[in-house]
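Report on the following structure.
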Amino acid sequence: MNRNMNRKQTIEKLRQVLLKRRRALRKALAGELSELEALNRAASGDEVDVALDCAYDEMNAQLAELESRELAQIEKALERMEEGTYGICEVTGKPIPMARLQALPYTTVRVEAQRELERMEAEGQGAFDFSRVLDHGEDDLHVSFTDFEIV
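The sequence shown begins at 867 in our numbering and counts up by one.
Here is the structure:
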């Protein structure tokens, strides 16, 4: 019971983190879009200015794309919290260890499933038999930094 309460309390803290990050991303995206519009309206001088403007626009567009993807993942995590499915692996149906959720609050899969998905992608495979993903138990203490994906 205590472990279950602890998990619920940690998930509530993660919800607050996700809400704060969502607000920050929304503000950043709104600012970048208005900045891009202002740049496009401004008259450029010579070819160097045009090239720099284009490079700046491209970097902003790529950053906005990354932030948009992260925002979508955060929205999905918040929806899963509302539905009561947050912290459950979409692949195996098993609980995602809290250490992984704390490191990557919008993850939807356990480390084992993520590794297998990445392996399959690298090998160019399509369908995957998720029944082969092993459950290494609920021990959150034996997690290395290599177990987390970097976005």
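Glycine residues also receive a C-beta, built at the ideal position from the N, C-alpha and C atoms.
Counterpart residues of residue i in DSSP-defined beta bridges
i, result
"P961", "I954"
8 angstroms CB neighbourhood of residue i in its chain, flanking five on each side removed
i, result
"C955", "P961, I962, T974, V975, R976, A979"
"Y972", "L884, E936, Q939, I940, K942, A943"
"L895", "A930, E933, S934, L937"
Residue i versus residue j - alpha carbon distance
i, j, result
"V957", "M925", "34 angstroms"
"D995", "A943", "Because D995 sits at a pLDDT of 49, beneath the cut-off of 50, its placement in the model cannot be relied upon, and the following sentence gives the value as read from the coordinates. Roughly 25 angstroms between the two C-alpha positions."
"S934", "R889", "12 angstroms"
"L932", "Q882", "21 angstroms"
"D915", "R892", "29 angstroms"
"G953", "E984", "20 angstroms"
"N872", "E982", "29 angstroms"
"V968", "K879", "It is worth fixing the name first, because residue 968 is Gln in this sequence and not Val. Taking the straight line from one Cα to the other gives about 9 angstroms."
"Q991", "L970", "26 angstroms"
"K964", "G897", "Just to set this straight, residue 964 is Met in the shown sequence, not Lys. Each residue's alpha carbon lies about 34 angstroms from the other."
"T876", "G959", "20 angstroms"
"E913", "K874", "57 angstroms"
Exposure label - residue i; buried when at least 16 CB within 10 Å
i, result
"E989", "exposed"
"L929", "exposed"
"R966", "buried"
Contacting residues, own chain, Cβ-Cβ under 7 angstroms from residue i (five flanking each side not counted)
i, result
"R887", "I940"
Interface flag, residue i vs chain D, CB-CB below 9 angstroms
i, result
"L937", "In the structure shown, chain D does not exist; there is a single protein chain."
The segment 936 to 953 contacting the segment 911 to 921, beta-carbon criterion three pairs below 8 angstroms: The segment 936 to 953, when compared against the segment 911 to 921, does not touch it at the 8 angstroms Cβ threshold.
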